[in-house]
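Our numbering runs 10 ahead of the 1-based position in the sequence shown.
The next block holds one structure in the form of structure tokens; read it before the comments.
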Amino acid sequence: MSLGLLTFRSFIRSPIIANNSNKLLKSLRRHYSQEISQKADNKSNLMEPKELRFPLPYGHLAAKEWGNPNGLPVLAVHGWLDNSGSFDPLIPHILKPHDLHVVAIDEPGVGLSSHKPPGSEYGRWHTVLEMKRVIDHLKWKKCTVIGHSQGGHYALLFGASYPDLVDRVITIDIFKPLTYRGDKWAKKVSKITEIHMKYENFLNEDPSRDSTAPVYSERDALKRMMEAHGNSLNEESARILMKRGTKKQKWGLSFSRDIRLKVPSLDPPPTDDQMTKFMAHLNCDLMIIMANQTPYHIPDDIKHMYYDIYRNHCRYFENVNLDGTHHLHMNDPIPVANHINQFISQSLALQLTPKL
């Protein structure tokens, strides 16, 4: 054994040095343990949503945020009368593969967002405006938009309106934006007008606050929630939506959505001929996920019109059919998430491919 090694061993066997070495080791263990714990907490925190509020001229838009704020920006938009809780089951399964930063909004009039002012209506394009406000507030230069049902309608409209801002659109159980036959619209206007006025009178002085909303037991509220969605929600999914969609009253629960959302807008709806021309402005990557139990059945000739538009104008277009009801992304999120993850991977790979 060398003299140097003997000297070193003698050195660390010294009571004073040994004691200091033990202290150093304990300190290092504590430091690395705290660092590992902090990293684990940070990862866990990214999986848990945070509440956000965006200022509006008439109040605020509530939202939930998941993931890394420096990650790939994703705006999620829910369906009619739902809320941002619609994405609670899905988001944890799509966050990690591509380090996403997801912001899911409560559309105006539902969830924790403000209702429109007295005398207002909820137009066919109103959510597109709020989506742009949110994106501007977040200072996103590019983003992905995921929309379920009516939220998919808005996602497609937004993608066509801002082709330089939207990299990809993913719709869940909606194939095309909502349209209407022009020859039927004139007969609807007077009826819709009367319903608007009836609701305003019903809500007394402030039509944005449903002060006379019925109160239900939790069980009855759950039943009404499931029935109102055509039983496309399972009980667990319905309870998720109820967290943001109801408010506690003295004797039970009332639904917090603005009842004016039940009234069709007076904005003239586009026809399919007009809408296909508008959709020709899409140039993002597009994925459409349809449920085999969808309530939306489109005539084949109309579907082919949109299919041709998507195939010819989108850089990458994928259409997937999955087992499930209209709320398949809530009831059975993993198959939906798997396809979304594969789609984003393919889309990102295409972005890295040099153009010929």
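For each residue, glycine too, the CB sits at the ideal point set by N, CA and C.
- Contact between Ile-312 and Ile-104 is absent: CB atoms are separated by about 30 Å, not below the 8 Å threshold.
- According to DSSP, residue pairing for Tyr-226 in a beta bridge involves Leu-263.
- Here the alpha carbon of Tyr-317 sits roughly 34 Å from the alpha carbon of Lys-201.
- Of Leu-66, His-108, Val-84, the smallest CA-CA separation from Ser-124 is found for Leu-66.
- Ranked by Cα distance from Ile-184, the first of Phe-265, Lys-233, His-336 is His-336.
- The DSSP-derived three-state label of Ala-290 is coil.
- Between Trp-261 and His-147, the alpha-carbon positions lie close to 39 Å from each other.
- Counting only the Cα atoms, Met-236 lies some 7 Å from Ser-242.
- Nearest neighbour of Lys-142 by Cα position, chosen from Pro-118, Gly-133, Tyr-172, turns out to be Tyr-172.
- Looking at the DSSP output, Ile-182 bridges to His-158, Ile-299.
- For Asn-80, no alpha helix (DSSP H) encloses it, and the DSSP letter there is neither H nor E.
- Shown here for Cys-294: same chain residues with a beta carbon closer than 8 Å to its own, the five before and five after excluded, namely Gly-169, Pro-173, Val-176, Asp-177, Arg-178, Val-179, Cys-324, Arg-325 in chain order.
- In this structure, the beta-carbon distance from Thr-281 to Arg-191 falls below 8 Å.
- By the Cβ criterion, the stretch 147-166 is in contact with the stretch 81-89, since at least three pairs of Cβ atoms, one from each stretch, lie closer than 8 Å.
- If you compare the alpha carbons of Arg-270, Lys-194, Trp-195, Tyr-164 with that of Lys-208, the shortest gap goes to Arg-270.
- Between Leu-263 and Ala-231, the C-beta gap is smaller than 8 Å, which places the two residues in contact.
- Fewer than three beta-carbon pairs drawn from the stretch 331-347 and the stretch 66-79 are found closer than 8 Å, and the two stretches are therefore not classed as touching.
- Counting along the chain, Ile-354 sits inside the alpha helix (DSSP H) bounded by residues 343-362.
- Non-local beta-carbon contacts of Ala-301 in its own chain, meaning distances under 7 Å to residues more than five positions away in sequence, involve Asp-183, Leu-332, Gly-334, Thr-335, His-336, Leu-338 in chain order.
- Counting along the chain, Ile-115 sits inside the beta strand (DSSP E) bounded by residues 110-115.
- Only buried fits Trp-76, as 16 or more other CB atoms lie within 10 angstroms of its CB.
- By the Cβ-count criterion, Arg-267 is buried, with 16 or more other Cβ atoms from all chains shown falling within 10 Å of its own Cβ.
- Closest in C-alpha terms to Gln-303, from the list Lys-258, Lys-198, His-239, comes His-239.
- As the crow flies, the alpha-carbon of Leu-166 is around 20 Å from that of Gln-352.
- Its chain contains Tyr-326 as the residues whose beta carbon lies nearer than 7 Å to that of Gln-356, once the 5 sequence neighbours on both sides are disregarded; these appear in chain order.
- DSSP places His-323 within a helical segment (H, G or I) once states are collapsed to three.
- The Cβ atoms of Ile-298 and Thr-203 do not sit closer than 8 Å to each other.
- Of the residues assessed, Asp-283 falls on the exposed side of the cut-off, its CB having fewer than 16 other CB atoms within 10 angstroms.
- Contact between Pro-118 and Leu-62 fails: their C-beta atoms lie close to 15 Å from each other, not under 8 Å.
- Judged by DSSP in its simplified three-state form, Pro-102 adopts helix.
- Sequence-distant partners of Ala-290 (beyond 5 residues in either direction) whose C-beta falls short of 7 Å from its own C-beta, in its chain, are Ile-319, His-323.
- Classified as buried, Pro-99 has 16 or more neighbouring CB atoms from the shown chains inside 10 Å of its CB.
- Between Ser-96 and Lys-74, the CB-CB gap reaches or exceeds 8 Å.
- Straight-line spacing of the CA atoms in Phe-288 and Val-199 works out to 24 Å.
- With respect to His-158, Gly-89 sits close: the two C-beta atoms are nearer than 8 Å.
- Assigned with DSSP and collapsed to three states, His-70 falls in strand.
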